[in-house]
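Chains as they are written, first to last, in my numbering: chain A, 79 to 417; chain B, 79 to 417; chain C, 79 to 417; chain D, 79 to 417.
4 protein chains.
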Amino acid sequence: MIIVMSARATPEDVRHVVGRIEELGLKAHLSKGVERTIIGVIGDERLLKKEQFSLLPLVEDVIPILKPYKLASREFKRENTVVDVAGVKIGDGRLTVIAGPCSVESEEQILTTARIVRNAGADLLRGGAYKPRTSPYAFQGLGEEGLRLLALAREETGLGIVTEVMESSEVDLVARYADLLQVGARNMHNTKLLRALSGVGKPVLLKRNFSATLNEFLMSAEYLLSGGNTGVVLCERGIRTFVEYTRNTLDLNLVPAVKLLSHLPIIVDPSHGTGRHDLVLPMSRAAVAAGADGLMIEVHPHPADAFSDGEQSLTPDMFAQLMHEVKAVERAITAPAGA
Amino acid sequence: MIIVMSARATPEDVRHVVGRIEELGLKAHLSKGVERTIIGVIGDERLLKKEQFSLLPLVEDVIPILKPYKLASREFKRENTVVDVAGVKIGDGRLTVIAGPCSVESEEQILTTARIVRNAGADLLRGGAYKPRTSPYAFQGLGEEGLRLLALAREETGLGIVTEVMESSEVDLVARYADLLQVGARNMHNTKLLRALSGVGKPVLLKRNFSATLNEFLMSAEYLLSGGNTGVVLCERGIRTFVEYTRNTLDLNLVPAVKLLSHLPIIVDPSHGTGRHDLVLPMSRAAVAAGADGLMIEVHPHPADAFSDGEQSLTPDMFAQLMHEVKAVERAITAPAGA
Amino acid sequence: MIIVMSARATPEDVRHVVGRIEELGLKAHLSKGVERTIIGVIGDERLLKKEQFSLLPLVEDVIPILKPYKLASREFKRENTVVDVAGVKIGDGRLTVIAGPCSVESEEQILTTARIVRNAGADLLRGGAYKPRTSPYAFQGLGEEGLRLLALAREETGLGIVTEVMESSEVDLVARYADLLQVGARNMHNTKLLRALSGVGKPVLLKRNFSATLNEFLMSAEYLLSGGNTGVVLCERGIRTFVEYTRNTLDLNLVPAVKLLSHLPIIVDPSHGTGRHDLVLPMSRAAVAAGADGLMIEVHPHPADAFSDGEQSLTPDMFAQLMHEVKAVERAITAPAGA
Amino acid sequence: MIIVMSARATPEDVRHVVGRIEELGLKAHLSKGVERTIIGVIGDERLLKKEQFSLLPLVEDVIPILKPYKLASREFKRENTVVDVAGVKIGDGRLTVIAGPCSVESEEQILTTARIVRNAGADLLRGGAYKPRTSPYAFQGLGEEGLRLLALAREETGLGIVTEVMESSEVDLVARYADLLQVGARNMHNTKLLRALSGVGKPVLLKRNFSATLNEFLMSAEYLLSGGNTGVVLCERGIRTFVEYTRNTLDLNLVPAVKLLSHLPIIVDPSHGTGRHDLVLPMSRAAVAAGADGLMIEVHPHPADAFSDGEQSLTPDMFAQLMHEVKAVERAITAPAGA
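Right, here's the structure in full:
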């Protein structure tokens, strides 16, 4: 942590700050510049609060040096984490595709969709049983019945299941059915849910909140990791900006940024990220080219009849085309340099 | 709902859309323009989904006409709602001030602060017992012990209590102590929590999420209202923008916008909204001048030692000055026109 | 400037960076922490570029300590700057109100409006002769004829004139007519225009770009100041955010933030800032309460017929009401503390 | 244009609006819904202003139906526009790569860089002679001397030249040297510059402003097209968001969105878009996969010594690697479906 003193600070003001640092059992290191003095605080700054110094007289600024997260950082663990979901390895260098409907609607709908996406080459099946909806008048999911239908689809197709859990009290229930438990964008900051999931014994898909910085996103992962759950898969799904032609702004820059700063795998959800079925295909190709470890794609046999999010769902034919194209991009970027 | 057909749509394409509208038991109304045909859908559009039409061939756009919320709208209820919190009337034309520390830290801290804010003229006491923190390594609140200390402070000072509830499973516990239950910005979209609070029998302070539009904010209020809880107080606390000199961007434009569209009272939290103690006073004056029904202010006897959010907390002296100044602004804007 | 070395940096890596610092004629100051070494660079960092260090091996981060602006800072000049515009003192503690139509449309329109705003108490007359419009098919202003009509209105009413200049080649022409030359939000980064205005001998009203940070805004002021023009008035007029109920998001937080960091006066334009005539009045009161030195308000005799921006223009009656209310707020916040 | 009447509007209020529509020589078309009446305005809405109706009594909302741009729309011209720049065809289905330094610094620097990028396979050379810089103390470009050096590099390498023009008064000068005239992001709204370029007889590279919506971006293109210049190449270069790990947020979603709505070619500048050399390569691959017609890449022989933007410049080796990888992605996405 670096403390920048005001240009008007006297030696007495500086001594006061140094005294405070030493009271906290840390060491201060002074550097007198042309215009002002700066003070380095030596010790673990993750245990400090900025305001312990920023509110002292004639302190102009307090600048953290370390990242706030530790276990999620690539500095802590240099090799990539690979997360095993029902035998599917996310982050092992091969693209993982998770596909399925936004909501589980009926036995026929989920079984049909599961067969379609498996036949097109998907690795895991997604489907929502508990749905966080903006409107209280909208369909809120089938609940446990939806989980049972997902389990049935797993039996029929062999695909592992990805589904959302919305509250800590439901973690045990959802974990009995799911292979990968999803934390939705609206719950990325739900610390009680994260704590409950840190001990659940199954991997977690953590979606980025609409307005989360990278630091905040990795701090949510840190809740899971520090509680003992190392099976964390990150997911970019769009941020809130001024842009009007997409429902959210899918931020692919996050993918290579995460690769530099963290060891955790990251996948991309272009369905929610764009909110438009006609942008899902090109943005899926782009996500793979940016280095994503996987994709999460909404597919529905009849999008116009979907109970939720039909505008961003692909038809079976569009999904088959998508699989074809993203596999071609995957091959292109993993080909040996001399190819 | 308005359906805009593509300029390339044939009469057959238009008939197809009209047929679909009629299948759903609604009426279609055609308007042929110079370049394209538009179709009005007559009936309650809140029961429709855009994609039921937007995915039909040669439909270019689907434009909703009605607001998605109903019970929260001023159209539904023209007179202002006044919410009674332990005898304090929020929204009755008089400014309500809620003040206290970010977190309850100890008996001495909360009692001292409660006396300070009461003596300076605050109407209600705030204090967090359950804290949603970005870092798993940060102080997470005293839990039920914090609630007990708040109740003790109420006994000592007579001030009603405002405190946050983070999960549906804790609603009953928090409701035993609190006079106004706060839904934090991170939980504005937590539909299970909102549903639990809709039947709790006590009023709710609903904070706007960092990235919530006004429609989304009022839809969260609609969850409470449609579940039977009419005691809803809205709170603006800053949005996420590119701006760097404030932790969030306090968006005072929301205050008069809510007054036009809704009957619910709205207060402003400039402490979280700016994240800087040196901006709290001018932005509090501005909030009152914009028409806010109240303020929520963080006060701490020793901000530099606060367990959380010290950088945005006022000292007792600063709070007394704030009360003096906001009361002057309140008088100025409520004086009769001829004064 | 602070250089943060990677935790993996060897003493050799550190020596390499120090050598580079010394080559540039500056001094390095080392601070060895528990996890990593940081290096303070002693000397005027405004002359350095981050990449001179950030691209060296095992440098993790380069953190500037000084603000990028100098002449615009309150550190450089502690007392408030007061700008004289045709005898009106902006920044002297009294509220200045600039009012008039978006565009000059005709002799009758500008003379009528000038008389209305003068009679209601405005200090200066605004009106656009050169209009930067989003659409090539929209009215682009009367050009020099508009300037002549503004001068006529000045003769008739005694009000000084504020009008926009869009290009360096037109600075001399506009300066012959205007008392305060406006740089529009779209031109805040137009460095050629800023340079031309720095020698014009008349004060400049510098509007904040939709997406400008405070640093960028003050750097544009620095262009004017460093070129010798000390008559700079800043103007907040709304930023681009995700918010949908206002055309822009008027960011009043800027007002007290500028007051802390700069000596320049700052006014607020709630007409462009909100884009809605029904929000102009409350946000004007709020701007004054936040500490703004002035307001800039669009007024039109018949807003529905305005050639541009009618939706945000006030009628004469609304403007008279606004003057009444903002004066009341001004009195409230400038009353002596014991009042 | 659709006019939505308030639920409280009487038949008289509706008649008043209809009268107004008819006064303007247009036709009104009424649709009475369950809750309110809506009125369709039949005629060319591009000639109307919203406020002509929105300010009438009991009008609740006015909704435009048509896009504000016409010549830039795919509806106006269905086939892709191909822009010829010194024999290089942008938009013909083959990827175009523009590369070179941020600023022209010296004869040696530009000639060296030109040879490097040509040898690696670039199609056109970029280099700035006029630089819009945030700081008045930063290097502002070599001016016409820079243009001469670019022409020399063209002679030596055969590469056509792309360079920025900052003001209408300099259009003729820059056009004597450049093959493709660049309008920088800060000038996207500079209507005088756009008008001057609409008659220049050479193609224009139009960069998206940091905060421009797609409508605004295409309206700037409309200035060029409506003035007679059909050689318009669009360029995405990052938007301003809350995100902190990139200097801007490169918004690749724009690429397929433009392809749907417009016939103009679009390229991507990941150097400015991310501001980080270590993200340029993956985001270049992603841009190509998203369907971009070209890339614009900053390359410098010694990035740490660059006069400007060194942090985002690639070394010659990194650029060669980039060319290798983006060509592989290009092949992958253009391979026949059965491959």
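C-beta atoms are modelled at their ideal positions from N, C-alpha and C, and glycine is treated no differently.
Would you tell me roughly how many angstroms separate the C-alpha atoms of residue i and residue j, rounded to the nearest one?
{"i": "A299/A", "j": "D257/A", "result": "18 Å"}
{"i": "T324/C", "j": "P334/B", "result": "11 Å"}
{"i": "F217/B", "j": "A384/B", "result": "11 Å"}
{"i": "I345/A", "j": "E403/D", "result": "21 Å"}
{"i": "H107/C", "j": "P146/C", "result": "22 Å"}
{"i": "G262/D", "j": "L284/D", "result": "7 Å"}
{"i": "G178/D", "j": "A200/C", "result": "53 Å"}
{"i": "S246/B", "j": "L275/B", "result": "8 Å"}
{"i": "T159/B", "j": "V166/B", "result": "13 Å"}
{"i": "N287/D", "j": "N265/D", "result": "7 Å"}
{"i": "A370/A", "j": "P343/A", "result": "8 Å"}
{"i": "E183/B", "j": "R226/B", "result": "12 Å"}
{"i": "G373/B", "j": "A231/A", "result": "Per the sequence shown, the amino acid found at residue 373/B is Leu instead of Gly. Taking the straight line from one Cα to the other gives about 52 Å."}
{"i": "L421/B", "j": "A150/B", "result": "As displayed, chain B neither begins before 79 nor continues past 417, which places residue 421/B out of reach and without an answer."}
{"i": "A417/D", "j": "A364/D", "result": "Residue confidence for A417/D is low, a pLDDT of 40 falling below 50, so the modelled location carries little weight and cannot support an answer."}
{"i": "R98/A", "j": "K127/A", "result": "13 Å"}
{"i": "L332/D", "j": "M83/D", "result": "34 Å"}
{"i": "R354/D", "j": "P360/C", "result": "43 Å"}
Is there at least one Cβ from chain A nearer than 9 Å to residue i's Cβ?
{"i": "T269/B", "result": "yes"}
{"i": "E129/D", "result": "no"}
{"i": "P281/B", "result": "no"}
{"i": "L291/D", "result": "It is worth fixing the name first, because residue 291/D is Thr in this sequence and not Leu. Yes - at least one Cβ of chain A is within 9 Å of the one on T291/D."}
{"i": "F288/B", "result": "yes"}
{"i": "I344/C", "result": "no"}
Return the Cβ separation of residue i and residue j in integer angstroms, given the expectation that the two are a contact with Cβ distance under 8 Å.
{"i": "L189/A", "j": "E234/A", "result": "6 Å"}
{"i": "Q187/B", "j": "A382/A", "result": "Contact flag wrong, Cβ pair sits at about 58 Å."}
{"i": "I317/D", "j": "S289/D", "result": "7 Å"}
{"i": "I120/B", "j": "I81/B", "result": "12 Å between Cβ atoms; not a contact."}
{"i": "V95/D", "j": "L134/D", "result": "5 Å"}
{"i": "E376/B", "j": "S391/B", "result": "4 Å"}
{"i": "V140/D", "j": "M79/D", "result": "6 Å"}
{"i": "V311/D", "j": "P281/D", "result": "6 Å"}
Tell me, please, whether the CB atom of residue i is closer than 9 Å to any CB atom in chain C?
{"i": "L134/D", "result": "yes"}
{"i": "Y388/D", "result": "Before going on, a small fix: residue 388/D reads as Gly here, not Tyr. Cβ-Cβ to chain C under 9 Å: yes for G388/D."}
{"i": "P360/B", "result": "yes"}
Give a yes or no on whether the minimum CB-CB distance between residue i and chain B is below 9 Å.
{"i": "I411/C", "result": "yes"}
{"i": "P381/A", "result": "yes"}
{"i": "L85/D", "result": "Inspection of the sequence shows that residue 85/D is occupied by Ala rather than by Leu. Interface residue, yes."}
{"i": "P214/A", "result": "yes"}
{"i": "K285/D", "result": "no"}
{"i": "R114/D", "result": "yes"}
When the cut-off is 9 Å and only beta carbons count, does residue i lie next to chain D?
{"i": "H350/C", "result": "no"}
**OP:** Could you tell me whether the region 217-229 of chain B touches the region 259-275 of chain B, using the rule of 3 or more Cβ pairs below 8 Å?
**Re:** no
Original post:
Using 8 Å as the Cβ pair cut-off and three pairs as the minimum, do the region 187-201 of chain C and the region 221-239 of chain C touch?
Top reply: yes
Original post:
In the region 312-342 of chain C, which residues sit with their C-beta less than 7 Å from some C-beta in chain D, listed in chain order?
Top reply: R318
**OP:** Mind checking the region 293-312 of chain A against chain B and listing, in chain order, the residues whose C-beta falls within less than 7 Å of any C-beta there?
**Re:** E294, M297, E300, Y301 and S304
**OP:** Mind checking the region 82-111 of chain A against chain C and listing, in chain order, the residues whose C-beta falls within less than 7 Å of any C-beta there?
**Re:** Within the region 82-111 of chain A, the residues whose Cβ lies closer than 7 Å to any Cβ of chain C are, in chain order, V82, A85, H107, S109 and G111.
Subject >> Residues within the region 238-250 of chain B neighbouring chain A, beta-carbon criterion of under 8 Å >> reply: Along the region 238-250 of chain B, going in chain order, the ones with a CB nearer than 8 Å to a CB of chain A are M244, E245, S246 and S247.
Subject >> chain B contacts made by the region 139-170 of chain A, where a contact means CB separation under 7 Å >> reply: P146
Subject >> Interface positions of the region 194-225 of chain B facing chain A (Cβ-Cβ less than 9 Å), listed along the chain >> reply: Y208, K209, P210, R211, T212, S213, P214, Y215, A216 and Q218
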